[in-house]
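Under the numbering used here, read the sequence shown as residues 37 to 147, first letter to last. The C-beta atom is built at its ideal place from N, Cα and C for all residues, glycine as well. Here is the structure we will look at.
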Amino acid sequence: MREFLHPRKVVLTSPSGNTVEIGGGAPVSIQTMWKEPLSLDRLPDTAARLEKLHALGCDIVRFAVPDMAAAEALCALAPMTPVPLVADIHFDYRLALRCLDGGVAKIRINP
């Protein structure tokens, strides 16, 4: 394991999707936040761009999910990429439930 300036804390491992573990003795994972709104008509292009991010070393990608249309688009995107997708949910538990039912690897709930 690589040495760090500050020792890493001992924590439990949390799986993100089927391929990435976070915490414990797992390597530090690289993640990014998607900056564009999702739409069903641009999913093939989005999947291709996710493949490029993955090739560059990105392990996890987070998406803002402000409404049900974004949740549906993210659910349609999930099986198109091996990269675990995380849904950022604000205020609406129904969006979180839809994303979990649709194959999104994780949700992140903000107040």
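Inset, instruction - Could you check which residue in H126, R134, L92, G60 has the C-alpha nearest to that of L110? - result: Walking along the sequence shown from the start, residue 110 turns up at place 74. For L110, the nearest C-alpha among the options comes from R134.
Inset, instruction - Would you verify that the beta carbon of L74 is, or is not, closer than 8 angstroms to some beta carbon of chain C? - result: No chain C appears in the structure shown, which is made up of a single protein chain.
Inset, instruction - Taking 8 angstroms as the cut-off, decide whether the C-beta atoms of F99 and L74 are in contact. - result: By one-based count along the sequence shown, residue 99 stands at place 63. By one-based count along the sequence shown, residue 74 stands at place 38. Judged by beta-carbon spacing, L74 lies within the 8 angstroms limit of F99, meaning their Cβ atoms are closer than that value.
Inset, instruction - For T82, name the three-state secondary structure that DSSP assigns. - result: What you label residue 82 is simply residue 46 of the sequence shown in a count that begins at 1. Correct three-state label for T82: helix.
Inset, instruction - For A107, collect the residues of the same chain with a Cβ closer than 6 angstroms to its Cβ; drop the 5 residues on either side in sequence, then sort them by chain order. - result: Against the sequence shown, residue 107 aligns to sequence position 71. Correct list, in chain order: V101, L131, R134, C135.
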